[in-house]
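Read through the structure below, which is laid out as structure tokens, and then see the notes.
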Amino acid sequence: MSSTPAPRSQSGASGVAFLLQLERRLRLLQDTGEILSLSAQLLGQRLGAQQVACFDIDQTLQCPTLQHAWSDGLAPGATGEYFLGDYAARLADALAAGQALAVSDVASDPRTAMPAALATFARLGIRAFLNIPIAKEGRLAALFVVHSSAARLWHADEIELAVQVSERVWSTILRARAESRLRDLSATMETQVAERTREFGRTWNVSPDLLGVLNLDGYFEHSNPAWQATLGWSVEEIRTTKFFELIHPEDLPRTYAAWEAANQGQPALRFENRYRHKLGGWHWLSWVAVPEGEKVYCSARDITVEKKLEADLAARNSERERLWRSAQDLMVAIDADGCFTAVNPAASAILGWLPEEMLGRSLFDFVLPEDAAATRQALAQVSREAMPSFENRYRHRDGGHRWLSWVAATEGDLVFATGRHVTLEKEAQSTLLSMQESLRHSEMALLQSQKLEALGKLTGGVAHDFNNVLQIISGNLQLLQMTLDGDPLAAKRIASASSAVERGAKLSAQLLAFARRQPLKPLVTDLAQLLRSTEELLRRATGETIETRLLLADDCWRALVDPHQLENVILNLAINARDAMNGQGQLTIELSNSVLDSGYAARHADVAPGDYVQLAVSDTGTGIPAELLDKIFEPFFTTKSEGEGTGLGLSMAYGFLRQSGGHLTVDSLPGHGSTFRIYLPRSLEAETELPLQLGGPVLGGKETILVVEDDVQVQTTVVDMLRGLGYVVLRASDGESALAIVGSGVPIDLLFTDVVMPGKVASTELARQARLLLPQLAVLFTSGYTQDAIMQGGRLEPGVELLSKPYRREDLARRIRHLLANGRHVTALHQYRAQLAPQPAPALPEGRHILLVEDNADARAMTSELLAMLGHTVLAVGTAEEALPLLGTPGLDLLLTDISLPQMSGVQLAELAARDYPQLEVVFSTGHAPANSGVLDPQARFLVKPFTVKQLQRALLPPGQ
Numbered sequence: 027m028s029s030t031p032a033p034r035s036q037s038g039a040s041g042v043a044f045l046l047q048l049e050r051r052l053r054l055l056q057d058t059g060e061i062l063s064l065s066a067q068l069l070g071q072r073l074g075a076q077q078v079a080c081f082d083i084d085q086t087l088q089c090p091t092l093q094h095a096w097s098d099g100l101a102p103g104a105t106g107e108y109f110l111g112d113y114a115a116r117l118a119d120a121l122a123a124g125q126a127l128a129v130s131d132v133a134s135d136p137r138t139a140m141p142a143a144l145a146t147f148a149r150l151g152i153r154a155f156l157n158i159p160i161a162k163e164g165r166l167a168a169l170f171v172v173h174s175s176a177a178r179l180w181h182a183d184e185i186e187l188a189v190q191v192s193e194r195v196w197s198t199i200l201r202a203r204a205e206s207r208l209r210d211l212s213a214t215m216e217t218q219v220a221e222r223t224r225e226f227g228r229t230w231n232v233s234p235d236l237l238g239v240l241n242l243d244g245y246f247e248h249s250n251p252a253w254q255a256t257l258g259w260s261v262e263e264i265r266t267t268k269f270f271e272l273i274h275p276e277d278l279p280r281t282y283a284a285w286e287a288a289n290q291g292q293p294a295l296r297f298e299n300r301y302r303h304k305l306g307g308w309h310w311l312s313w314v315a316v317p318e319g320e321k322v323y324c325s326a327r328d329i330t331v332e333k334k335l336e337a338d339l340a341a342r343n344s345e346r347e348r349l350w351r352s353a354q355d356l357m358v359a360i361d362a363d364g365c366f367t368a369v370n371p372a373a374s375a376i377l378g379w380l381p382e383e384m385l386g387r388s389l390f391d392f393v394l395p396e397d398a399a400a401t402r403q404a405l406a407q408v409s410r411e412a413m414p415s416f417e418n419r420y421r422h423r424d425g426g427h428r429w430l431s432w433v434a435a436t437e438g439d440l441v442f443a444t445g446r447h448v449t450l451e452k453e454a455q456s457t458l459l460s461m462q463e464s465l466r467h468s469e470m471a472l473l474q475s476q477k478l479e480a481l482g483k484l485t486g487g488v489a490h491d492f493n494n495v496l497q498i499i500s501g502n503l504q505l506l507q508m509t510l511d512g513d514p515l516a517a518k519r520i521a522s523a524s525s526a527v528e529r530g531a532k533l534s535a536q537l538l539a540f541a542r543r544q545p546l547k548p549l550v551t552d553l554a555q556l557l558r559s560t561e562e563l564l565r566r567a568t569g570e571t572i573e574t575r576l577l578l579a580d581d582c583w584r585a586l587v588d589p590h591q592l593e594n595v596i597l598n599l600a601i602n603a604r605d606a607m608n609g610q611g612q613l614t615i616e617l618s619n620s621v622l623d624s625g626y627a628a629r630h631a632d633v634a635p636g637d638y639v640q641l642a643v644s645d646t647g648t649g650i651p652a653e654l655l656d657k658i659f660e661p662f663f664t665t666k667s668e669g670e671g672t673g674l675g676l677s678m679a680y681g682f683l684r685q686s687g688g689h690l691t692v693d694s695l696p697g698h699g700s701t702f703r704i705y706l707p708r709s710l711e712a713e714t715e716l717p718l719q720l721g722g723p724v725l726g727g728k729e730t731i732l733v734v735e736d737d738v739q740v741q742t743t744v745v746d747m748l749r750g751l752g753y754v755v756l757r758a759s760d761g762e763s764a765l766a767i768v769g770s771g772v773p774i775d776l777l778f779t780d781v782v783m784p785g786k787v788a789s790t791e792l793a794r795q796a797r798l799l800l801p802q803l804a805v806l807f808t809s810g811y812t813q814d815a816i817m818q819g820g821r822l823e824p825g826v827e828l829l830s831k832p833y834r835r836e837d838l839a840r841r842i843r844h845l846l847a848n849g850r851h852v853t854a855l856h857q858y859r860a861q862l863a864p865q866p867a868p869a870l871p872e873g874r875h876i877l878l879v880e881d882n883a884d885a886r887a888m889t890s891e892l893l894a895m896l897g898h899t900v901l902a903v904g905t906a907e908e909a910l911p912l913l914g915t916p917g918l919d920l921l922l923t924d925i926s927l928p929q930m931s932g933v934q935l936a937e938l939a940a941r942d943y944p945q946l947e948v949v950f951s952t953g954h955a956p957a958n959s960g961v962l963d964p965q966a967r968f969l970v971k972p973f974t975v976k977q978l979q980r981a982l983l984p985p986g987q
């Protein structure tokens, strides 16, 4: 429905006249109801409205109370409380701000067109209205309303008139109320004064407070009986004594100041000083003094007891404050919501948080999440009973945490708790438990190590005697074979017996490996390259049905280890894995770097912390039961069926790795497989070449050899073998006898001695003293059980030559021939150098560019120097592999190479040189006769060791010269 304009009322002067007439009539009224009724009637008639009312606003606009209303008799309405709901909530702020509200049609105005409000308006017959607020001190005090039963437009002068009327009505109401209260007060004043006078008299006499009236001279003109009861002075004594005479000297300055202020009309409220008691002592009094005219009216209360209690309380509070501030423990108060209401300064020292940073925050902002549940349970417990002790962790400002041990009790709604910092104790406890656990592991590892060590000593001793027996059998079989005269049956039997000796020698070698008494030739080895070179061998050993994977890190460190022995260990582990998988599964070999820390070393007694190369061999086999893991490294222990294994493979691996300074562990889960981890110490040295593998023909000689062997049968066998090779042989059974032979002046070229010797002179001492007498003497040790005498940390000392028992006649012949040839060659080179040194040869115009390949370092150095003295340019290397990339060196004329080299031989190197560089001349340097060198080329040129300078110069001449 659209709004229709109401008849426009007179404005301007007529409005002012209306307000003046209203104000005159309101002045004559004193009753609030009459005022509201008259003003509502006049305003409603003036505006042509159906209803005018005034609401009292007690609390909120939603529920106003209709106190007075005027109606034209047509609109329904009644006094009482109304609920305006959301409508009032939307208008409350505007009305409270004093803004008048005009609604022309409640059905279309968005402020009123709400179902609940429309229902109320319909019931009251309201279609348009004015709301005129009366706001006092920012609060809505009353609301004048003008209602119309029909929609209408409200004009500005009408709204302004309604506002003016409401303000005048409200002012008149306030005036009437004030006058009413004043009349009521006046009506009861006389009665009250009379009653107060009687009460004052009774109060004056019975009051425990000291009451008095002072004149301006400082005398109490009146005082009540409480003075005598409190201070012992009578009314007369008080009246005749100036009050300053009763005050404590220390309080006089303050009292004079207060008295002067009172004389200036300023009251004294709660002024305190001390008064003298008639019997001595002082009482604290708290004064209220009000000056009026020529008098000062006073009231004082004796607060001596309160002062003492206050002093005691202050002392206790001071003591508690000192304790609170100086306590090293964390002291807190926590409210029912778990928030800190008080925190002492120890929080900064313990947790790094300032107390003010913790106040008001929940304790769970600081408790570690892992301890939150237990902390909530402890809080619930302390609310029922005192909590004796509880520990949890709090966050530190630095990001870490601190352990706190709490005791707590409740008082009222607060929990008071003290937390002791126990982080160091907890860490010490953890360290102690860790140490105890580590000690337990160490003890177990030590017991296992001692058991294996004892087994090692036993097996090592057995292997030593066994090797001597094998040497006797092997030597005699080889000697016997030399006497056969075409008897095939006898040859077959000897071959069978020799094969058994070889199997026994292998078994003995495994025992020595477990006992850590096998001779090792450790080299700085690239384990990645070693694994790549053995990959094909591993695949053949495990079979096609086993998937073999190599996972090799790119940056693996080098290790100092005997490569041949390590190959045996890896092969043995691979075969064990194959058997555990019954020929079906996956074998994984991983190589990586590993750093073992002190914690790991503490749990494993046989390893030191440091850098290691880790080699892991994993299978997907049946696994090893936990109860057998401590036994698998013992010799002769095996899980295989009888006849399928010796039980020495893992014990050999264990002993070899311990002897190499390494470490071996095993992890196994039955039904899922096993992983063996080998740890070898890292080496920072450069990779070294593989040792020389001697080959070639079996040759003897005419030199003199001294054999020192305490076992008579072994001695006889080796003497016969050497004599069969053409050597002159001397023999001795101990070191003393051997030294006597050496000292006799008999020429001796080589000393062949057992390592384990009876008597006072050990084998190493024998070799040392023999070389003092014969500086050019070559020395070869032999043993079936190596000792620390020729070893350092399980490895042969540098320069020591060892032939392990049992050995073959061929091995003995080649090793002796090699040592004698190298010895004579180096000696001769030293002699030639000495001869040439005083008169170095001038640089020859025909000097040649030579590549020298010699594995013996001394021979290589001396030959290089001789060639340089002869005017030649020399490149010198120790292996054929090093020489290969140098063959294409510009200007290179000649290759001078030894035949017996590590890995690739000199013959193979010469064949490659002839193929790729046919113009390059080749000269072979060898200790064998050319016919026995293995070189098939009839045009080959040789330089036989030891050679003279002239022989060297002749060998270097170009062909045809």
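Here the sequence shown stands for residues 27 to 987, numbered as in my numbering. Cβ coordinates follow ideal geometry from the N, Cα and C atoms, glycine included.
Applying the 10 Å Cβ sphere with the 16-neighbour rule, what's the burial state of residue i?
{"i": "residue 685", "result": "buried"}
{"i": "residue 729", "result": "buried"}
{"i": "residue 997", "result": "Residue 997 lies beyond the residue range present for the chain, which begins at 27 and ends at 987; the question has no answer from this structure."}
{"i": "residue 915", "result": "exposed"}
Which whole-angstrom value describes the C-beta separation of residue i and residue j, a residue pair presumed to lie in contact below a C-beta threshold of 8 Å?
{"i": "residue 736", "j": "residue 759", "result": "5 Å"}
{"i": "residue 311", "j": "residue 327", "result": "7 Å"}
{"i": "residue 752", "j": "residue 727", "result": "6 Å"}
{"i": "residue 645", "j": "residue 579", "result": "The Cβ separation is near 20 Å, so there is no contact."}
{"i": "residue 917", "j": "residue 879", "result": "No, residue 917 and residue 879 are not in contact; Cβ-Cβ is about 18 Å, not under 8 Å."}
{"i": "residue 919", "j": "residue 937", "result": "19 Å between Cβ atoms; not a contact."}
I'd like to know whether the C-beta atoms of residue i and residue j end up nearer to each other than 9 Å.
{"i": "residue 206", "j": "residue 56", "result": "yes"}
{"i": "residue 148", "j": "residue 130", "result": "no"}
{"i": "residue 456", "j": "residue 445", "result": "no"}
{"i": "residue 241", "j": "residue 322", "result": "yes"}
{"i": "residue 913", "j": "residue 881", "result": "no"}
{"i": "residue 962", "j": "residue 981", "result": "no"}
{"i": "residue 683", "j": "residue 595", "result": "yes"}
{"i": "residue 778", "j": "residue 748", "result": "yes"}
{"i": "residue 633", "j": "residue 680", "result": "no"}
{"i": "residue 189", "j": "residue 80", "result": "no"}
{"i": "residue 611", "j": "residue 573", "result": "yes"}
If you draw a straight line from the alpha carbon of residue i to that of residue j, how long is it in whole angstroms?
{"i": "residue 145", "j": "residue 58", "result": "31 Å"}
{"i": "residue 301", "j": "residue 332", "result": "15 Å"}
{"i": "residue 42", "j": "residue 324", "result": "58 Å"}
{"i": "residue 593", "j": "residue 789", "result": "31 Å"}
{"i": "residue 583", "j": "residue 619", "result": "7 Å"}
{"i": "residue 767", "j": "residue 971", "result": "29 Å"}
{"i": "residue 557", "j": "residue 576", "result": "8 Å"}
{"i": "residue 732", "j": "residue 842", "result": "12 Å"}
{"i": "residue 815", "j": "residue 700", "result": "Unreliable placement is indicated for residue 815, whose pLDDT of 48 sits below 50; no coordinate value is reported for it."}
{"i": "residue 567", "j": "residue 773", "result": "51 Å"}
{"i": "residue 973", "j": "residue 979", "result": "10 Å"}
What does residue i pair with, by DSSP beta-bridge criteria?
{"i": "residue 428", "result": "420"}
{"i": "residue 321", "result": "241 and 318"}
{"i": "residue 575", "result": "614"}
{"i": "residue 159", "result": "169"}
{"i": "residue 310", "result": "300"}
{"i": "residue 947", "result": "920"}
{"i": "residue 699", "result": "695"}
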